[in-house]
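In what follows, a structure is listed as structure tokens, so that the remarks can point back to it.
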Amino acid sequence: MQSPPSSSLPSSSTASSASSSSSQRGGVNIPSIRAPSRPHPEQAAGPSRAGWQTAREANDDEDDDSDSSGSEDGSRRPPSSVFSRSTTSGSATSYSFAATDAEGSDAEVFSAGSLSPVPSQYSLTESLRVASKHVEYGREINSYSDVYRLPADTDEISRLDKQHVMFKDVMGDYSSHVKQILQRSNSQQDGEEQIAVLDVGCGSGAWIVDVAREYPNTSCVAVDLVPMPAENVPPNCRYEVDDVNLGLDHYENQFDVVHCRLISSGIRDYYVVIRDAAACLRAGGAADFMEFDFRLYSRQHVAIPTTQKEIWGDTIPPPDFPTAGFLNLPPRTTRSSRSGIVRPTSSPYICRWFAALGQATRKRGGHADAAALLHSWVSGNPDYEDVQYREFWLPYGPWMRGRPEYMALSQYDRFCTIGDLMREDIYEFIRSGRPLLLSAGFPEHIVNKLEAEANREVGEARIPLFFRIQNVYARKKA
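Residues in the sequence shown are numbered from 17 upward in steps of one, following our numbering.
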């Protein structure tokens, strides 16, 4: 299912001052960075849970025909859209920071609770924090989940913190549903139930800490597989160590906001997370989901296909390796506009690296296809209403810089800045993905080759490519 052309979307009249107004070049409309939400033009009620496999396979087949972003015909067309468009349609271990133990010394206190409404209290010693992680392939990995194999060390925390700042700059601080609820906390009266916020798979904790600081009257809970860094955490925020795959029953009807961002690589069944998020919400609360699909796209927003052969070469993948996302496509070709000669074209290595990461995610049990199904699943869930959809197209690097045909665009400087930030993020993410690739069974020589060539392409930033990030948010019916 192809997305509607960006040129059909109106520019946002409410975009922040950082957003540029739409502009025209070469007959293509360049919308503002954030466009307004409206009814989703294509996706109606989504498939049932039983139908997710078919829907996922359909998604893999939707982009069979892709142009080559590394075209040899010399043409350099502006992108159809620069940044975004919007449409509508077990047990836990919690940590309270800055607590004081019985000896009067500063200590972290955590509660190890399951379904019990009154959790027990323990001192969080350094040994317990260390036990939550172990070293794998040179990086610290969580010790609780066999699915999520991205690092949980200081380098990854730093990357996620910087990524969060970039996301806020591009996407805004909060989706409209979430912001409306958070703003209510500023005017609550005595006796009213406190606005409660849950961040599922919080990573570095940057998003939930921002909420707790900006809205000090809220009660915030962050959940992840390892303890969140304790520095400068507001007193209205607590942390719980939990594997979301075990369920969220112990949070039923306790929150006004549930936030999930880029967690699909550690989730076995995202459909269940969407269902559980609704169960966690009070009536009128908001759920917010954001994911990406392990693909890169051309300037025309067409997915660049990658074959097994391009990743594995002459090495035969193990028989238990998943093949979802890899199609038996004929070789890609590019026709020169000057000579008319058709030449074979292979996919860029950065596309191959992300395709391999998606394959490794599936091998470990993660739900790499969740992004394409978010809207269908949320729309099809009877507990949700007022479903909104946004997508953001982020350049993988500053490939527009210095190209005269782009320099006249109103968003040129901003595009290059975001490209610089994305390039730094991807450099670090390529390092972070190594444990996942190796633990999934990719031979080291293949991983080394993919890393080296992908880093080279990212550094050169010459191929016009985009990442697509999809955001769906909705309210729980009263």
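Glycine included, every Cβ here is placed at the ideal spot set by N, Cα and C.
Predicted model only: the values in this text are computed from it and were never measured.
{"Asked": "Exposure label - R277; buried when at least 16 CB within 10 Å", "Found": "buried"}
{"Asked": "For S363, the nearest candidate out of R439, Y267, E473 (CA to CA)", "Found": "E473"}
{"Asked": "Runs of beta strand (DSSP E) lying entirely within the region 258-317, each at least 3 residues, in chain order", "Found": "271-277, 297-308"}
{"Asked": "Per-residue DSSP class, three states only, for K492", "Found": "strand"}
{"Asked": "Residue interval of the beta strand (DSSP E) (run including Y400)", "Found": "400-411"}
{"Asked": "N252 versus S174 - alpha carbon distance", "Found": "23 Å"}
{"Asked": "D215 - partner residues in DSSP beta bridges", "Found": "A238, H275"}
{"Asked": "Spatial neighbours of A222 in its chain, beta-carbon cut-off 7 Å, leaving aside the 5 residues before and after", "Found": "L176, D177, H180"}
{"Asked": "Simplified DSSP assignment, three categories, for Q210", "Found": "coil"}
{"Asked": "H193 - DSSP class collapsed to helix/strand/coil", "Found": "helix"}
{"Asked": "Beta strand (DSSP E) segment containing V163, residue limits", "Found": "Element bounds for V163: n/a, residue is neither H nor E."}
{"Asked": "Residue burial classification, N487 (beta-carbon count within 10 angstroms, cutoff 16)", "Found": "buried"}
{"Asked": "Nearest residue (CA-CA) to N397, options Y286, D240, Y190", "Found": "Y286"}
{"Asked": "Buried versus exposed call for I327 [16 or more other C-beta atoms within 10 Å across all chains shown]", "Found": "buried"}
{"Asked": "From L312, E401, P335, residue whose alpha carbon lies closest to that of Y365", "Found": "L312"}
{"Asked": "8 Å Cβ cutoff met for F305 and Y489", "Found": "yes"}
{"Asked": "Beta carbon of I224 nearer than 8 Å to that of D272", "Found": "no"}
{"Asked": "N261 burial status per 10 Å Cβ neighbour count (16 or more: buried)", "Found": "buried"}
{"Asked": "For N471, the first and last residue of its enclosing beta strand (DSSP E)", "Found": "Segment 460-476 is the alpha helix (DSSP H) holding N471; no beta strand (DSSP E) there."}
{"Asked": "V289 versus E421: straight-line alpha-carbon distance, rounded", "Found": "44 Å"}
{"Asked": "Cα-Cα separation between H275 and P232, rounded to whole angstroms", "Found": "18 Å"}
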